[in-house]
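Under our numbering, think of the first position of the sequence shown as 41, with each following residue one higher.
See structure below.
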Amino acid sequence: MKKKLCLLGISLMLFCGNMLAQNSPTAEPEHYTADKETLDKHPVAPWWNESKFGIMLHHGVYSVPAYNDTAATKLNPFFGYAVWYPYYMDRSPFHYRLRKHHKETYGKDFVYDDFIPMWKPDKYDAKEIVDLVVASGAKYFAYPAKHHDGICNWDTKTTGRNTVDMNPHRDFLKETWIEAEKTDLINGLYFTVPEWYNPATPKAMMRKPSKSKEVTFVSRQMGYAAFSYKHKPRNAFTKEPVPYTGQSDTIKDFASQILKPQLYELMNEYKPSFWYLDIGGNEQYLKMNQWMADYYNFAKIHNPEGVMVNDRASDIDAHHDWNTTEFHSGVPLLPFDKVDQVQRCCVAYSEQDPVWKDGTGIVKILLDQVELGGNLTLMWAPKKDGSIAQQVKDALIPTGKWLKIYGDGVYGSTIMDGFNTKIKDEEYYTKAKDGSIYVFYPKNQSSVIIRQKINFGPNTKIELVGKNKTLTAKKVDGGYQIDVPAELVDRKTEVNYGAIRIVQ
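Structure (structure tokens):
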């Protein structure tokens, strides 16, 4: 019922927005076509900025080896992705430790697909997963329909390479979606565009390289260098060809027989509010703009809350609604999100990496993005038995508790008027929906120095959020100082950030 009322409200917002947009040169088209100029008129969904914080799950066979090369991570954070285990084992010169680990643990004749019968996620509880997402304070949720290993987590009719026809014989997407739809979460899908070693993938899949600032290291470098499709499925050590488990020999063309049918199947069955696509490929071959046009036309009827597609559908010739960043520096282009992990650089669960974010670490990264007008999409993964690592719970639950107190300065916030990105300090600034300014600061500070340009007049009200206590500001060199009495600060909380609210 809550979701229906929420969608009704959003529908009215969209209607009013569309009425205003009709007098604008960028009015939303009545019918979308594959023309990029037409697609670029697609509006940002109202829920995007309102949400600010989302969770992306990663769930698959890669949780069986549960290994990442922590030494390679020091070379580049991207090299620590445990979810890339089969790729790094086969093709990366930096991951000789991973190759050594695999050979010593499983043997040189043990290929990635041999992990499939070993995957026994009997403890995977969709309700527990979704309940934790809600408890974290996240407002949108992406479940992984398919990752780069090509194993589909739903009962697809397109291939036998799925978790229903193969082990563990469960439709994880359906189980999880049913639970997620009972909540107020905005639900979407993670979906990889390419598969590492699908034998039906042509060389035409290679994406165009781009130096655009909108394209991150991962989608730029990995999109055309790593995915060069030089060979079909093979043993990483002997180089002998191996079967692509579950896929019929009748599949000859990846885009027309696998990718597109799966996208339309998921669209029609689940009606996702957003797609977090990954890696991309060559738009001339994939024709993802046509799929996006069909999705947007479909969404006019089935998704009144508005829909979004990120910037990894194919290459620079494809449309996108938001920019995805992983290892960006500087100020990203709006609208954007940063994807990060609870477990350092792992994406999938790893038994090797001991570095986990706590609630303070997550809130800091969230504020990093929100201050610039962006979102945080946080990734984590269940263990191979389907259970949730205690470290994940210990990070997400405190984050959710913190957001219950300070969320008015996060959800629906915008960049503070006159915000100067060149000023580097420990504070974070946002403009709340009611126009007030939130200044987030580390709780171990006894005072907050305001170096941003904020006008403190005789009628300015300053309050300590969560304490109903009025504070005062005094002029000092470089700005204003606001003292926070020690007796008002609970320094034993699990998240070391407080907030001051300024009403001008």
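Positions of the beta carbon are idealized from the N, C-alpha and C atoms, including for glycine.
Between the region 186-199 and the region 453-463 there are fewer than three C-beta pairs closer than 8 Å, too few to call the two in contact.
Out of Ala111, His188 and Thr199, the CA that lies nearest to the CA of Pro301 is found in Thr199. Below 8 Å, enough C-beta pairs join the region 233-242 and the region 316-329 to call them touching: three or more. Counting the other CB atoms within 10 Å of its CB gives Glu221 a total below 16, which places it among the exposed residues. With distances taken between CA atoms, Gln383 lies nearest to Lys433 out of Asp361, Lys433 and Asp289. When the Cα atoms are used, Asn207 and Lys160 turn out to be separated by approximately 8 Å. Look at the beta carbons and you see the region 99-109 touching the region 117-128: at least three pairs across the two are nearer than 8 Å. A Cβ-Cβ separation of about 7 Å places Tyr481 in contact with Tyr537 under the 8 Å criterion. Relative to the Cα of Glu77, the nearest Cα in the group Gln324, Val282 and Asn329 belongs to Asn329. Nearest Cα to Asp530 within the set Asn508, Met158, Leu229 and Asn484: Asn484. DSSP, reduced to helix, strand and coil, places Gln430 within a helical segment of the structure shown.
The C-beta distance from Asn337 to Tyr152 rounds to 38 Å, too long to meet the 8 Å contact threshold. With fewer than 16 neighbouring CB atoms inside 10 Å of its own CB, Glu391 falls in the exposed class.
Take the alpha-carbon of Lys179 and the one of Asp171: they are about 12 Å apart. Put simply, the region 392-406 does not touch the region 342-353. Fewer than three CB pairs are less than 8 Å apart. Sorting Pro242, Pro157, Thr417 and Thr203 by C-alpha distance to the C-alpha of Phe314 places Thr417 at the top. Put simply, the backbone Cα of Tyr325 is about 29 Å away from that of Glu280. By the CB criterion at 8 Å, Met246 and Phe294 fall outside the cutoff. Between the beta-carbon of Ile463 and that of Arg491 there is about 5 Å, and that keeps the pair under the 8 Å contact cut. Taking Trp331 as the centre and dropping the five residues before and after it, the same chain places the C-beta of Lys300 and Leu303 closer than 7 Å to its C-beta, in chain order.
DSSP places Ser296 within a helical segment (H, G or I) once states are collapsed to three. Beyond the five residues adjoining it in sequence on each side, Ile502 comes within less than 7 Å, by CB distance, of Thr510, Leu511, Thr512, Ala513, Ile522, Ile540 and Ile542 in the same chain, given in chain order. Ranked by Cα distance from Ile156, the first of Val173, Ala182 and Val101 is Val101. Ranked by how close their Cα comes to the Cα of Val479, the residues Gly413, Leu504, Asn460 and Tyr128 have Leu504 in first place.
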